[in-house]
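With the first letter of the sequence shown counted as 1, position 17 gets the number 17 in full-length UniProt numbering; the numbers rise by one all the way through.
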Amino acid sequence: MEKKKHHFLMQHCCLFLFIFTIFTTNSQAFDYGDALSKSLLYFEAQRSGRLPYNQRVAWRDHSALIDGLEQGVDLVGGYYDAGDHVKFGLPMAFTVTMLSWGAIEYLQEIEGAGELQHTMEAIKWGTDYFIKVHTSPNVLWAEVGDGDTDHYCWQRPEDMTTSRRAFKIDENNPGSDLAGETAAAMTAASIVFKKTNPHYSHLLLHHAQQLFEFGDKYRGKYDVSVGVVKSYYASVSGYMDELLWAATWLYKATDKEEYLDYVIKNANLFGGTGWSITEFSWDVKYAGLQLIASQFLNQAKHKKHSDILEQYRSKAEYYICSCLNKNINGTNVERTPAGLLYVRQWNNMQHVSTASFLFTIYSDYLKNTNQKLTCHGGILDHKEILSFAKSQVDYILGSNPMNMSYLVGYGPSYPKRVHHRGASIMSYKENKGFIGCTQGYDNWYSKEDPNPNVLVGALVGGPDWQDNFEDKRNNFMQTEACTYNTAPLVALFAKFLHIEDNKMVHDCNSLLVASFK
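Structure below.
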């Protein structure tokens, strides 16, 4: 009876505290649990291929069911990267890497929020496709469709009439960057599935090891071999970061010295300890691999490599210091007047979500190892770093001058005219009448009405350098969303939900203790 009374008091205490917090604090209270659930719906909206029985985004239907037919291979499945219908391998792989990394670091938090199954489904939709497109050890299908013909049309994916020509990399047409990133994605995912699906985990790791060997043995940039991708996802940073990135993940998954040796021996040659980077993205992996490599320092077995690992750590911290405006003698990342990280005009939010992710990971590392971050502009503890990450996430959810959530479907105000073919045209399930290539432009693209389908969970490109945002469908730099924008947010929402829940429980306990005195 006494336990029931305590539970009753806890429930009412927490409800009181929640209401009190909302009405008495200056800062906005965000529902991270709702944001987490919505973010995972976005990946279902981006699915290509035959949709499963448990598909929750009801306005979508099967699409691109003959991908690979011309080439005699099954390339059905995977994700559309953004508001069009090309399946680009490099950003898709990075999306899966980030989803998997988040699930590895914050598995308990995601599970506690009741979203682990949906997270693993989002990862597996990508990795199932990667298994398909890796048709032999030294062949990886890089892209299905091409941007030029695809962008000429404005159609629902279910009506698609554009070219589905597929492009591959192989021994004669290398793509070490694409092979490396796909290897990283499959390796990270193998860690996620290791306990629940060991056979699948082993299969992913087998493919990842083959892809890494292929990418390392036959070196070259994938956009040289697949020229049609240059206007869309050119590999500006080259392939060396992806090879180091893949080797780092393979070491994390296998604990095999050969992969760590690769990361150590190629540290300088491949720029791992040379490049001071101020962005982390689908193209540039240095900051991510530098951060993971720096975490190895805390393990005694890595002491013999401490000199090189310290150099990796120095570069990882340069990135974090640059985002915090603490690099006195170096480059800092710009911010908008309201404090949002601002890297570039087109789809800036991708950089905000990835930076916030790395900040949160590194904050936990510093906390767990009882260390601080030393920048030229001062010393910071883990709380300050986490606080900055939270400020960026809260900006995304509505703590900004526009009072708008840039996560579509979250909160009372969010972008209604997302640059997205499927969302902007009446659902195929409501009207199965064929909509032709340019018919969508004529009848739907230029409409000022909100999209008929809400692209829930999509993180759009976001505001400009002055915090201004124009919700127009043709304003693709600001209103288009991408899978790799949302991918890092899944873990972040779970993390901040966990922190809020713990804080509320702590406050409730303190209040109850006081009331019983």
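Backbone N, C-alpha and C fix where the C-beta goes; we use that ideal spot for every residue, glycine too.
Out of curiosity, what's the CA-to-CA distance linking residue 134 and residue 453?
-> Going from the Cα of residue 134 to the Cα of residue 453 covers about 34 angstroms.
Taking residue 98 as the reference, give the member of 120, 168, 243 with the closest Cα.
-> That would be 120, whose Cα lies nearest to the Cα of residue 98.
C-alpha gap between residue 503 and residue 417, whole angstroms = 37 angstroms
DSSP state of residue 26 mapped onto helix, strand, coil | For residue 26, the pLDDT reaches just 46, beneath the cut-off of 50, and the residue's location in the model is therefore unreliable, although a value from the coordinates is still provided. Note: residue 26 maps to coil in three-state DSSP.
Can we say the stretch 157 to 173 touches the stretch 77 to 96, given the rule of at least three CB pairs closer than 8 angstroms?
-> yes
Assumed close pair residue 485, residue 349 - CB separation to whole angstroms, cut-off 8 angstroms | 5 angstroms
Is the distance from the Cβ of residue 61 to the Cβ of residue 51 below 9 angstroms?
-> yes
State the Cα-Cα distance for the pair residue 313 and residue 183, rounded to the nearest angstrom.
-> 23 angstroms
Just checking, does the stretch 309 to 328 make contact with the stretch 425 to 432 on the three C-beta pairs under 8 angstroms criterion?
-> In short, these stretches do not touch, since the Cβ pair count stays below three.
Which stretch, first to last residue, makes up the beta strand (DSSP E) that contains residue 169?
-> For residue 169, the enclosing beta strand (DSSP E) begins and ends at 166 to 169.
Between residue 97 and chain D, is there a C-beta pair that is closer than 9 angstroms?
-> The structure shown contains no chain D; it holds only a single protein chain.
How should residue 442 be labelled, buried or exposed, when 16 other C-beta atoms within 10 angstroms of its C-beta is the threshold for buried?
-> The residue in question, residue 442, is exposed, as its Cβ has fewer than 16 Cβ neighbours within 10 Å.
Count the other CB atoms, across all protein chains shown, that sit within 10 Å of the CB of residue 137; report buried if there are 16 or more and exposed otherwise.
-> With fewer than 16 other Cβ atoms within 10 Å, it is exposed.
Leaving out five residues before and five after residue 24 in sequence, what residues of the same chain have Cβ atoms less than 8 angstroms from its Cβ?
-> Reliability of the predicted coordinates at residue 24 is poor, the pLDDT of 43 falling under 50, and no value is obtained from them.
Proximity winner among 231, 219, 179, relative to residue 149 (alpha-carbon distances) | 231
Rounded to a whole number of angstroms, what is the C-alpha to C-alpha distance between residue 201 and residue 213?
-> 19 angstroms
Starting from the C-beta of residue 96, find all residues in its chain whose C-beta is less than 7 angstroms away, skip the five residues before and the five after it, and write them out in chain order.
-> 123, 126, 127, 185, 189
Tell me whether residue 88 sits in a helix, a strand or coil according to DSSP, three-state version.
-> strand
How should residue 374 be labelled, buried or exposed, when 16 other C-beta atoms within 10 angstroms of its C-beta is the threshold for buried?
-> Of the residues assessed, residue 374 falls on the exposed side of the cut-off, its CB having fewer than 16 other CB atoms within 10 angstroms.
Please report the residue range of the alpha helix (DSSP H) in which residue 185 lies.
-> 176 to 192
Residue 292 burial status per 10 Å Cβ neighbour count (16 or more: buried) | buried
Report the partner residues of residue 70 according to the DSSP bridge assignment.
-> None; residue 70 has no bridge partner.
Decide yes or no for the touch test of the stretch 342 to 359 against the stretch 299 to 307: beta carbon pairs closer than 8 angstroms, at least 3 of them.
-> no
Got a sec, what are the start and stop residues for the alpha helix (DSSP H) residue 396 sits in?
-> 382 to 397
Put residue 149 into one of helix, strand or coil per three-state DSSP.
-> Taken through DSSP and simplified to helix, strand or coil, residue 149 comes out as helix.
Would you give the residue range spanned by the beta strand (DSSP E) that residue 374 belongs to?
-> 373 to 375
Report all residues from its chain with a CB closer than 6 angstroms to the CB of residue 118; omit the five preceding and five following residues, and keep chain order.
-> 40
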